[in-house]
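Undergrad: Numbering-wise, the sequence shown is residues 65 to 265 according to this note's numbering.
Sending over a structure as structure tokens; questions will come in a sec.
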Amino acid sequence: MLEFDRVTRRFEDREVVRSFSLSVEPGERVALRGPNGSGKTTLLRCALGTLTPSDGRVTVGGHLAGSLESRQLTGVSLSQERSFYMRLTGLENLLFFARLRRGTERDVDSIVDELGLGEIAAQRADRCSSGQLQQLSIARALVGNPRVALLDEPTRSLDSDARARLWTALDRRPETAVLIATHLEEDVERCSRVVELESTA
């Protein structure tokens with residue numbers, strides 16, 4: 065479902081990822097673990113298509129990462145990048161992004177209920193805490209039941225109840241391929257496979 069084929073990514077003279085290969089099957093949960101600067105977020109961005117590999121390629125469901133077809137299959141929550149419209153409510157944001165992915169109002173209502181986000185969804189985004197925005201980001205990633213979920217440190221700002229709701233939601237999506245970048249052992253223990261990354265600096 066998600067394939068990295070000898071991916072290398074350079075930023076000017078600095079090589080962050082070198083000849084990285086990985087296949088993630090439907091229903092598989094894979095954790096990327098490593099120190100800051102080891103390329104975890106870079107790999108997720110390459111899978112999303114917002115970064116192009118310097119060498120190699122990434123495909124999602126057989127489609128080149130970043131293509132319209134691959135984006136329709138992918139849900140994403142990137143650390144420190146919320147990209148919400150801050151003057152809209154959480155619900156209005158989720159509805160907007162659901163429509164971009166051909167989701168429906170019913171899909172949004174379902175994920176809000178599943179993650180227990182009723183109060184958060186009713187607030188304007190600029191009045192939400194970082195943890196609340198993180199929960200909205202996770203909801204946005206899962207709305208419409210994507211075939212691939214790319215999650216960058218999704219539990220870092222969450223309390224224990226919100227973390228439990230996230231993993232319960234993933235358990236309800238047994239066919240979704242999950243690639244998660246994390247430092248937390250609790251997240252790693254929930255995954256079927258761990259890929260250790262080392263800094264190339």
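Even glycine gets a Cβ: it sits at the ideal position worked out from N, Cα and C.
Bear in mind that the values here come from a model prediction, so they are computed numbers and not experimental data.
#1: Just verifying my parser: in three-state terms, what is the DSSP assignment at Arg204?
#2: May I have the straight-line CA-CA distance separating Glu249 from Leu152, to the nearest angstrom?
#3: Short check: CB of Asp216 to CB of Leu108, under 8 Å?
#4: Between Ala205, Glu178, Ser224, Arg227, which lies nearest to Leu243 when the distance is taken from Cα to Cα?
#5: Whose C-beta lies closer than 7 Å to the C-beta of Thr232 among residues of the same chain, with five residues either side of it excluded?
#6: Could you pull the start and end residues of the alpha helix (DSSP H) that Ala189 belongs to?
#7: Whole angstroms are fine: how far does the CA of Met150 sit from the CA of Asp190?
#8: In whole angstroms, what separates the C-alpha of Ser221 from that of Arg73?
#9: Go through the segment 209 to 235 residue by residue and report every complete run of the alpha helix (DSSP H) that reaches 4 residues or more, in order.
#10: When you compare the CB positions of Leu137 and Pro90, do they come within less than 8 Å of one another, or not?
#11: Should Arg172 and Leu158 be called a contact, given that it needs their Cβ atoms to be closer than 8 Å?
#12: Using a 10 Å radius around the Cβ and a threshold of 16 neighbouring Cβ atoms, would you call Gly154 buried or exposed?
TA: Once the coordinates are examined:
#1: Arg204 falls in the helix class under three-state DSSP.
#2: One C-alpha to the other measures close to 35 Å.
#3: yes
#4: Ala205
#5: none
#6: Bounds of any alpha helix (DSSP H) do not take in Ala189, whose DSSP letter is neither H nor E.
#7: 5 Å
#8: 28 Å
#9: 224 to 235
#10: no
#11: Rather than Arg, the amino acid found at residue 172 in this sequence is Val. Cβ atoms of Val172 and Leu158: closer than 8 Å.
#12: buried
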